[in-house]
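Just so you know, the sequence shown maps onto residues 0 to 103 in numbering that gives the first Met the number 0.
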Amino acid sequence: MSTASIASNAYQMAARLQQQARAAEDAGAKPQAVDFGQMVQEAVETVVDQGRKADDKAVGLIEGRTDVVDVVTAIAETEVALETMVAVRDRVISAYEEIMRMPI
């Protein structure tokens, strides 16, 4: 998955959340709570799938079925996805620490 497709997935998820919020407003109901845990789980599964694809490409290179360029590209894409996930994790932890420092 390239950086563009990771960004595309993020935009699609945001658009889906906006559509759900609009549908709830149109129906006159309370806005639905966003399941943050499920969003994180989907993001982690995406990173894991990227890692598996990179592993498959590496095995394919050893077996002579895959080109070196494909393996390097898959590994780079996995690295970008993992770095993005780590950056998001760091931001969530930072936000949590900020909330914990707030006086009650």
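Glycine included, every Cβ here is placed at the ideal spot set by N, Cα and C.
Tell me whether residue i sits in a helix, a strand or coil according to DSSP, three-state version.
| i | result |
| --- | --- |
| Ala53 | helix |
| Gly59 | helix |
| Thr65 | coil |
| Ile103 | coil |
| Val47 | helix |
| Ala14 | helix |
| Val70 | helix |
| Ala86 | helix |
Label residue i either buried or exposed according to how many other C-beta atoms from any shown protein chain fall within 10 Å of its C-beta, with 16 as the threshold for buried.
| i | result |
| --- | --- |
| Gln40 | exposed |
| Gln11 | exposed |
| Ala42 | buried |
| Ala94 | exposed |
Given residue i, which residues of its chain have a CB within under 7 Å of its CB, disregarding the five upstream and five downstream residues?
| i | result |
| --- | --- |
| Gln49 | Met0, Glu76, Thr77, Ala80 |
| Val46 | Ala80, Leu81, Met84 |
| Ala14 | none |
| Lys56 | Thr65, Asp69, Val70, Ala73 |
Using the C-alpha atoms, what's the distance from residue j back to residue i?
| i | j | result |
| --- | --- | --- |
| Arg51 | Gly36 | 22 Å |
| Glu62 | Thr72 | 18 Å |
| Val67 | Val85 | 27 Å |
| Ile98 | Val33 | 19 Å |
| Arg100 | Ala20 | 31 Å |
| Ala53 | Leu60 | 11 Å |
| Ile92 | Gln17 | 25 Å |
| Pro102 | Val87 | 25 Å |
CB-CB under 6 Å to residue i, same chain, minus the five flanking residues each way: which ones, in chain order?
| i | result |
| --- | --- |
| Met38 | none |
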